[in-house]
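Undergrad: Numbering (this note's numbering), first residue to last: 566 to 816. Provided herewith is a single structure, encoded as structure tokens, for subsequent inquiry.
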């Protein structure tokens, strides 16, 4: 379903756009429909992704603690399945974005608080930084190693939720998301410094070229002056005097 499809369906089901989007989102999460997201995306930079991660840290840290206390065995099993799907995807050379999203979504569902669920469904896979930026470039590890380490962090969260330890679950989630934030922050700072150095180098090059042009112009003027020998200067003076004398006859 696309955004235009939803507009067409609204009169048929007598629902507002917001209610219809919410219903479709729930069906999508239950794998009962496939939602094709289309449309133009706004340009994304590191600051946008960092802002989302800051929001996620505050909300998902609490969600993990609540999930550890309130989760059902069925929800725990879905978390295990998401972690395994993530691992299988990485083994196949994939980025495992959908499995990553499902893991965090299942934690939101396990809080039994619909607002955690609504938040996560609203943002969708955009909550996963690598859907918006190539996050592997911000890690010293190769891409696959970076993803394996990410899933080890998922396993730490899952282990605490399975033990129904809310403090450990919250701490593990905070560590997981903080690691992502700090990698992006360091990369953002490095990008800014690199841009500044490139700008300084460009200005220095421009100044050097400008200096060379000025020096060349000065040398040319000096050469022109040196070519005016005393006899030439006397001849120029006589020519000017003759020209001035001839001016009355021209009136």
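Quick reminder that beta carbons are idealized off the backbone N, C-alpha and C, glycines included.
1. Hey, quick one: how far does the alpha helix (DSSP H) through residue 691 stretch, first residue to last?
2. Could you spell out where the alpha helix (DSSP H) holding residue 643 opens and where it closes?
3. Take every Cβ of the stretch 609-626, pair it with every Cβ of the stretch 636-649, and state whether three or more of those distances are shorter than 8 Å.
4. Taking three-plus beta-carbon pairs below 8 Å as touching, is the stretch 733-740 in contact with the stretch 686-693?
5. By the three-class DSSP mapping on this structure, what secondary structure does residue 661 have?
6. Which value, in whole angstroms, describes the spacing of the CA atoms of residue 727 and residue 750?
7. Start and end of the alpha helix (DSSP H) containing residue 697?
8. Starting from the C-beta of residue 625, find all residues in its chain whose C-beta is less than 6 Å away, skip the five residues before and the five after it, and write them out in chain order.
9. How would you call residue 680, buried or exposed, if buried means at least 16 neighbouring beta carbons within 10 angstroms?
10. May I have the straight-line CA-CA distance separating residue 628 from residue 664, to the nearest angstrom?
11. Quick one: grab the DSSP three-state call for residue 724.
12. Counting only the same chain and skipping the five closest in sequence on each side, list residues whose C-beta sits under 8 Å from that of residue 619.
TA: The relevant details are as follows:
1. For residue 691, no alpha helix (DSSP H) encloses it, and the DSSP letter there is neither H nor E.
2. That run of the alpha helix (DSSP H) goes 638-656.
3. Short answer: they don't touch.
4. The stretch 733-740 is not in contact with the stretch 686-693.
5. Under the three-state reduction of DSSP, residue 661 is assigned to coil, being neither helix nor strand.
6. Between the C-alpha atoms of residue 727 and residue 750 there is a straight-line separation of about 32 Å.
7. Premise fails: residue 697 is in no alpha helix (DSSP H) and is neither H nor E.
8. Same-chain partners within the cutoff: 738.
9. The residue in question, residue 680, is exposed, as its Cβ has fewer than 16 Cβ neighbours within 10 Å.
10. So the alpha carbons of these two residues sit roughly 18 Å apart.
11. Here residue 724 carries a helix assignment [DSSP, helix/strand/coil].
12. If we look at residue 619 and ignore the five residues flanking it on each side, its Cβ neighbours are 746.
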